[in-house]
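Participant: Numbering (this note's numbering), first residue to last: 49 to 294.
First the structure, then my questions, so here it is.
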Amino acid sequence: MEKQRLDKIIASTGKWSRREVKALIRQGLVLVDGVPARSAEEKADPGAARIEVKGEPIAYRRYTWLMLNKPAGYLSATEDGRGATVLDLLPEELRRQGLFPVGRLDKDTEGLLLLTNEGGLAHDLLSPKRHVDKVYYTRVAGRLTEADCAAFARGITLPDGLVCRSAGLEILSAGEESEGRVTLREGKFHQVKRMLAYLGKPVLYLERIKMGNLPLDLSLSRGEFRFLTDSEVESLRAQVDSLEKP
Numbered sequence: 049m050e051k052q053r054l055d056k057i058i059a060s061t062g063k064w065s066r067r068e069v070k071a072l073i074r075q076g077l078v079l080v081d082g083v084p085a086r087s088a089e090e091k092a093d094p095g096a097a098r099i100e101v102k103g104e105p106i107a108y109r110r111y112t113w114l115m116l117n118k119p120a121g122y123l124s125a126t127e128d129g130r131g132a133t134v135l136d137l138l139p140e141e142l143r144r145q146g147l148f149p150v151g152r153l154d155k156d157t158e159g160l161l162l163l164t165n166e167g168g169l170a171h172d173l174l175s176p177k178r179h180v181d182k183v184y185y186t187r188v189a190g191r192l193t194e195a196d197c198a199a200f201a202r203g204i205t206l207p208d209g210l211v212c213r214s215a216g217l218e219i220l221s222a223g224e225e226s227e228g229r230v231t232l233r234e235g236k237f238h239q240v241k242r243m244l245a246y247l248g249k250p251v252l253y254l255e256r257i258k259m260g261n262l263p264l265d266l267s268l269s270r271g272e273f274r275f276l277t278d279s280e281v282e283s284l285r286a287q288v289d290s291l292e293k294p
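See below:
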């Protein structure tokens with residue numbers, strides 16, 4: 049791995065700013081392979097060097113990937129004057145890392161939301177050219193029918209001219225309030241809600257339960273998050289690489 053400035057490496061953990069790193073180095077609290085660092089400009093290989101701060105080795109990640117079980121009431125944005133964002137659910141050390149949501153969930157939609165600072169893979173996961181599936185559980189007003197499933201499969205053109213491509217709709221239960229599973233291969237604004245409303249089945253509740261080959265971790269309570277494992281990130285990367293662009 050290419051050598052990087054020491055202050056950049058340590059600040060990438062999100063625990064300290066570059067200014068704080070410089071102060072720690074002046075205090076002799078940063079060691080590189082057992083030797084006190086001389087300056088913040090000193091360079092090291094973050095993949096090979098053992099870097100310790102206050103006696104503890106740092107866990108270097110080139111990129112950060114989080115899975116958040118998003119609760120209702122939070123905006124999928126990095127900042128917004130209209131209310132709390134999903135970044136407000138994270139500790140300060142992670143908010144420093146330049147994380148952003150991979151796609152958006154409506155304010156009242158819950159479930160799986162990925163956050164990262166890796167732009168390339170995030171773009172591929174959202175690209176309509178890749179067709180990465182996004183799967184949702186929904187509860188609607190009205191009885192879902194096989195005709196609704198067929199309409200989703202054909203694709204729907206909404207009255208305002210928005211063309212929604214072929215999608216999946218599976219009926220989980222049918223009644224005055226029905227439950228279903230929706231699979232989208234694109235992610236247009238309010239798409240699930242708008243497609244179901246067009247069919248006369250307005251959405252009462254919506255939760256994303258899967259993105260690509262990554263399901264929502266059911267051990268996470270609403271508002272909780274965890275880091276993705278290296279194997280999970282590589283699995284997402286392999287999936288987008290395997291999807292041919294049309």
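The beta carbon of each residue, even a glycine, is placed where N, CA and C say it ideally should be.
Output yes or no for whether 7 Å exceeds the beta carbon distance between G260 and L276.
Facilitator: Taking the first residue of the sequence shown as position 1, residue 260 is located at position 212. Taking the first residue of the sequence shown as position 1, residue 276 is located at position 228. Against a cut-off of 7 Å, the Cβ pair of L276 and G260 comes out as no contact.
Participant: Would you say the region 147-166 touches the region 107-127, given that touching needs at least three Cβ pairs under 8 Å?
Facilitator: yes
Participant: Okay, do the region 184-193 and the region 134-147 touch, 3+ Cβ pairs below 8 Å being the bar?
Facilitator: no
Participant: Please state the DSSP three-state secondary structure of Y185.
Facilitator: As a position in the sequence shown, residue 185 is number 137, starting the count at 1. Three-state DSSP puts Y185 in a strand.
Participant: Is it right to say M49 is buried, meaning 16 or more other beta carbons lie within 10 angstroms of its own, or is it exposed?
Facilitator: Within the sequence shown, numbered from 1, the residue matching residue 49 stands at position 1. M49 is exposed by the Cβ-count criterion.
Participant: With the cut-off set at 7 Å, would you say L54 and A92 are in Cβ contact?
Facilitator: Along the sequence shown, read from residue 1 onward, the residue named residue 54 stands at position 6. Along the sequence shown, read from residue 1 onward, the residue named residue 92 stands at position 44. Yes.
Participant: Identify the continuous beta strand (DSSP E) that holds R256 and give its terminal residues.
Facilitator: Counting from 1 along the sequence shown, the entry for residue 256 is found at position 208. Taken as a continuous stretch (DSSP letters only), the beta strand (DSSP E) holding R256 covers 251-259.
Participant: Among the residues of its own chain, which have a CB less than 8 Å from the CB of F273, if the five just before and after it don't count?
Facilitator: Counting from 1 along the sequence shown, the entry for residue 273 is found at position 225. Excluding positions up to five away in sequence, the list reads L114, M115, L116, N117, L137, L138, L163.
Participant: Rounded C-beta distance between I204 and M243? I'm assuming under 8 Å.
Facilitator: If you number the sequence shown from 1, residue 204 lands on position 156. If you number the sequence shown from 1, residue 243 lands on position 195. The pair is a contact, with the Cβ atoms about 5 Å apart (cut-off 8 Å).
Participant: What is the rounded straight-line gap between the Cα of A85 and the Cα of R109?
Facilitator: Along the sequence shown, read from residue 1 onward, the residue named residue 85 stands at position 37. Along the sequence shown, read from residue 1 onward, the residue named residue 109 stands at position 61. Taking the straight line joining both Cα atoms gives about 20 Å.
Participant: Beta strand (DSSP E) containing M115: first to last residue?
Facilitator: The residue labelled residue 115 in the question sits at position 67 within the sequence shown. Per DSSP, M115 belongs to the beta strand (DSSP E) from 113-118.
Participant: Excluding the 5 residues flanking S175 on each side, which residues of the same chain have their C-beta closer than 6 Å to its C-beta?
Facilitator: The sequence position of residue 175 within the sequence shown is 127, counting from 1. For S175, where only same-chain residues beyond five positions count, there are no Cβ hits under 6 Å.
Participant: With 16 other CB atoms within 10 Å as the buried threshold, where does P149 fall?
Facilitator: Translated into the one-based positions of the sequence shown, residue 149 becomes position 101. So P149 counts as buried.
Participant: Using three-state DSSP, classify Q145 as helix, strand or coil.
Facilitator: Position 97 of the sequence shown, counting from 1, holds the residue named residue 145. Of the three classes helix, strand and coil, the one that applies to Q145 here is coil, per DSSP.
Participant: Tell me, which residues are paired with S221 by DSSP?
Facilitator: The sequence position of residue 221 within the sequence shown is 173, counting from 1. DSSP lists E227 as partners of S221.
Participant: With H, G and I counted as helix, E and B as strand and the rest as coil, what does DSSP make of I58?
Facilitator: Stepping through the sequence shown from its first residue, residue 58 is reached at position 10. Helix at I58.
Participant: List the endpoints of the continuous beta strand (DSSP E) containing V80.
Facilitator: Numbered from its first residue, the sequence shown carries residue 80 at position 32. Per DSSP, V80 belongs to the beta strand (DSSP E) from 78-80.
Participant: Are there 16 or more other CB atoms within 10 angstroms of the CB of F237, so buried, or fewer, so exposed?
Facilitator: Residue 237 sits at position 189 when you count from the first residue of the sequence shown. So F237 counts as exposed.
Participant: In this structure, how does DSSP classify R213 when only helix, strand and coil are distinguished?
Facilitator: Within the sequence shown, numbered from 1, the residue matching residue 213 stands at position 165. R213 falls in the coil class under three-state DSSP.
Participant: Exposed or buried, what is Q75 when buried is set at 16 or more other beta-carbons lying within 10 Å of its beta-carbon?
Facilitator: On the sequence shown, residue 75 is found 27 positions in, with the first residue counted as 1. Exposed, because fewer than 16 other Cβ atoms sit within 10 Å of the Cβ of Q75.
Participant: For V101, which three-state DSSP category applies?
Facilitator: Taking the first residue of the sequence shown as position 1, residue 101 is located at position 53. Correct three-state label for V101: strand.
Participant: In the DSSP assignment, find the beta strand (DSSP E) that holds G159 and state where it starts and stops.
Facilitator: Position 111 of the sequence shown, counted from the first residue, corresponds to residue 159. Taken as a continuous stretch (DSSP letters only), the beta strand (DSSP E) holding G159 covers 158-164.
Participant: Among E89, R213, G223, which one has its Cα closest to the Cα of V230?
Facilitator: In the sequence shown, counting from the first residue as 1, residue 230 sits at position 182. The candidate whose alpha carbon is nearest that of V230 is R213.
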